[in-house]
Every structure is written in C-alpha cells, then in structure tokens.
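Only one structure is covered here, and it is reproduced in the block below.
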Amino acid sequence: MADRLYIAAMEPGSGKSVIALGIMEMLSRRIRRLGYFRPVVPSAKAPDNNIRLIKARYQLEPGYDEMFAFTHEDARNLAADGQMETLLKSILNKFSELKRECNFVLCEGTDFTGVASAFEFEFNADVASNLGCPILALINGRKKSPDETVDAM
Numbered sequence: 069m070a071d072r073l074y075i076a077a078m079e080p081g082s083g084k085s086v087i088a089l090g091i092m093e094m095l096s097r098r099i100r101r102l103g104y105f106r107p108v109v110p111s112a113k114a115p116d117n118n119i120r121l122i123k124a125r126y127q128l129e130p131g132y133d134e135m136f137a138f139t140h141e142d143a144r145n146l147a148a149d150g151q152m153e154t155l156l157k158s159i160l161n162k163f164s165e166l167k168r169e170c171n172f173v174l175c176e177g178t179d180f181t182g183v184a185s186a187f188e189f190e191f192n193a194d195v196a197s198n199l200g201c202p203i204l205a206l207i208n209g210r211k212k213s214p215d216e217t218v219d220a221m
C-alpha cells in the first residue's frame with residue numbers, strides 16, 4: 069500500500085477539503101501515525117482552517133508548522149522570481165521531515181485564489197510528482213452534463 073496521497077482540484081468547488089476529510093476518516097481506522105500536509109496555505113496571519121480541523125479531529129501529533137511549507141504570498145514570490153526549483157525543493161524537504169514521523173501522509177493541494185485553474189493543477193501535479201505521491205484529481209460535476217464533466221478533465 070502507498071504511504072502517501074496527493075489530492076488536487078482541477079477547478080474550484082470540487083469538494084477537495086471534504087474528500088480529504090473522508091479519506092482521513094478511512095485512514096484513521098487502519099493506520100497509526102497519520103500525517104496531513106499542505107504545500108501552500110493561504111496566509112501566515114491566521115491558521116489554515118483545513119489543517120486545524122484535521123489536526124484536531126484526528127489528534128495528529130506533528131505541530132501545525134510542520135504541516136505546511138509556504139504561504140500563498142511566499143510561494144507566488146518565489147515562482148515570480150523564477151525560483152520554482154527552490155520552491156519545489158523546499159516543499160519536498162518539509163514533506164520529508166513530516167513523513168519521517170508518519171506511516172501515511174495525506175497531502176491537500178493548493179487553493180490559489182485568482183490563479184488560472186490550469187496553472188494551479190500543473191503546480192499541484194509538479195509538487196505531487198516531486199513528493200512521489202499518487203495524485204487524486206477532482207473535478208466539480210455539479211450542474212454539468214456528462215460531456216461537460218469529461219471535458220473538465
């Protein structure tokens with residue numbers, strides 16, 4: 069069995085956080101020493117709600133600061149400065165530190181507000197690949213025909 073999984077949305081409103089919660093619920097019944105990781109969180113000004121919820125619900129041992137690598141602002145600045153390799157390497161280092169403490173780590177991809185969905189998914193795919201994670205890609209099928217849902221992939 070894999071010891072890590074990366075959840076990424078291909079578009080807004082895909083239910084990524086709800087899926088993450090459901091997967092953590094399933095994993096918590098089978099695996100000890102679970103971890104949860106977000107490569108990028110919205111802000112340093114307030115704790116990330118998803119990390120807080122999952123950390124509390126599943127009584128995860130790692131500290132809050134161990135469960136993410138960058139804020140959106142810091143990640144955007146590195147990307148804008150052409151430092152994608154540094155960004156990806158730093159995310160890998162932070163993930164690896166957490167992984168040493170855990171038997172399984174669930175990663176929840178970014179929520180870049182105002183960034184094109186294609187760019188966001190490409191970034192998440194790069195991060196997942198760098199971390200050696202299989203990726204669970206989510207789309208929003210609400211109010212879409214089957215053809216529109218397939219086209220969203």
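With the numbering used here as the guide, the letters of the sequence shown map in order to residues 69 to 221. No residue lacks a Cβ here, since even glycine has one placed at the ideal position from N, Cα and C. A quick note: this is a predicted structure, and the numbers were derived from the prediction, not measured.
For residue i, the residue or residues it bridges with in DSSP
i    : result
A124 : Note: A124 sits in no beta bridge, so no partner.
T139 : V109
L95  : Looking at the DSSP assignment, L95 forms no beta bridge with any residue, so it has no partner.
Y104 : L174
N-terminal and C-terminal residue of the beta strand (DSSP E) that residue i is part of
i    : result
E176 : 172-176
I75  : 72-77
I203 : 203-206
Nearest to residue i (by Cα), restricted to the options the options
i    : options                : result
E176 : K167, K162, C170, N192 : N192
K84  : G150, C201, L174       : L174
R72  : P214, L121, D215, C201 : C201
A70  : F189, K167, F187       : K167
A225 : S164, H140, K157       : It is not possible to answer for residue 225, since the shown part of the chain is limited to 69 through 221.
F172 : E190, R100, S158       : R100
E79  : N118, E188, T154       : E188
Y64  : V195, M152, K162, D215 : The displayed coordinates of the chain run from 69 to 221. Any statement about residue 64 would go beyond what the structure contains.
L155 : L128, D194, A143, D215 : A143
N-terminal and C-terminal residue of the alpha helix (DSSP H) that residue i is part of
i    : result
I159 : 152-167
Residue i Cβ short of 6 Å to the ligand GTP heavy atom set
i    : result
V108 : With respect to the ligand GTP, the structure shown offers nothing to examine, as it has no ligands at all.
request  = Could you say if the segment 125-142 and the segment 100-110 meet the contact criterion of at least three C-beta pairs nearer than 8 Å?
outcome  = yes
At least three beta-carbon pairs within less than 8 Å, the segment 93-104 to the segment 199-207 | no
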